[in-house]
Amino acid sequence: MFWTICHQARHNGLSPLSDATMFRTVLLACLLTTAPAMAATCPDPLRAGISELGYSGYLEQELPRGAAADVLREAARRSGCTVELTLYPRSRLFVEFDQGHVDVAASAARSDERDRSGVFIPYAMSRFDLVLASRPARRFHSLADFVTHGTGTLNIVRGAFYTPDVLRQLERLRSLARLEEVTDFEMAFRKMAAGRAAGTLAPEMVSARLLDQFSLAATSHVIAIPESPPMEVGAYLSRNSLSVAEQDALANALRAMAQDGAILAIYRKYLGDAAARALLSGGRRR
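Numbered according to mature numbering (1 follows the signal peptide of the UniProt record, and there is no 0), the sequence shown spans residues -39 to -1, 1 to 247.
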């Protein structure tokens, strides 16, 4: 409707130069015509949730920050939505999502369980790296190599999405009494800093922030392991609380952001250009 009315106005000779008053009247009518349509594709407000996951989601001066927060704010803006953003503990976000208390959740890996409650829209890539607190005397080429030839204890985060190949190696570590489970990534890195664990498995968006936070960046060693290939991460749009029109508006905004470079620009803020490009393409800079 907007473009039809405005096109007719120009076709009939109305322009800012020929008849400024009439042009402003027609333009105002155009904008008012689009407002109800835009509002119809947005809940008020859009309830967005993110997890505490390194540079993906964290609190700064009591406000949710991070790449996932930036992505959801921009997607809401492009959809014409006001957004209410909440940071949840990693284990709590999808409990709230499943109960219909969160309209859109990010950043998340895809699973069959989550697909029952939401529509998955991928916009980035991620992978779990082997993150060691200090550079080992022997270079490890895989998680299996670390299990066979390493000696330290690995802390893993309970409930994280590990591949079957990773899980097999973790069971080997468990049988060797070299595996401990913790509730979140911050605890895993805190134990590494205290010398109570040799390492953990973490995505780059997590390790990049927490290695600095716990003063491990200078001594740590990060290994891309073949047992954990790149996987898609993205946003889940609620089937329970969003209409199909609302889902489509947000999905289209997220897809456009991936195509026009907005996602890359957001990740670049946290990782730098080379690392952001490598991560989003499914590779690694180092």
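Where a beta carbon is used, it is the ideal one built from N, C-alpha and C, also for glycine. Predicted model, so just to flag it, every value in this text is computed and none were measured.
Item	Value
Close beta carbons around F122, own chain, < 6 Å, minus the five adjacent residues each side	A70
Contact under 7 Å by Cβ, I82 with G195	yes
Cα-Cα separation, S199 to E57	11 Å
Beta-carbon gap between L48 and A9 smaller than 7 Å	no
Continuous alpha helix (DSSP H) stretch holding L14: start and end	Element bounds for L14: n/a, residue is neither H nor E.
Given 8 Å, three or more beta-carbon pairs between the segment 111 to 127 and the segment 159 to 169	yes
8 Å CB neighbourhood of G15 in its chain, flanking five on each side removed	G27, F146, A163, P164, M166, V167, S168, A169, R170, L171
Range covered by the beta strand (DSSP E) that runs through F89	89 to 93
Limits of the unbroken beta strand (DSSP E) element including L46	44 to 49
Closest residue to V65 among L232, Q220, S204 (Cα-Cα distance)	S204
Within 7 Å, strictly: CB atoms of A94 and S189	no
Segment limits, alpha helix (DSSP H) that includes R20	What sits at residue 20 in the sequence shown is Leu, not Arg. Where L20 is concerned, there is no enclosing alpha helix (DSSP H), although the beta strand (DSSP E) it sits in stretches over 19 to 21.
Alpha-carbon to alpha-carbon, L104 and Q130	7 Å
Beta-carbon proximity list for T(-19), same chain, < 7 Å, skipping 5 on both sides	In this predicted model, T(-19) has a pLDDT of only 45, less than 50, meaning its place in the structure is not dependable; the value taken from the coordinates is given anyway. Cβ within range, chain order: n/a, list empty.
Where I186 falls: helix, strand or coil (DSSP)	coil
A237 - DSSP class collapsed to helix/strand/coil	helix
Close Cβ partners of I117 (< 8 Å) along its chain, the five nearest in sequence each way excluded	Y123, L131, L140, E141, E142, V143, A149, T161, L162
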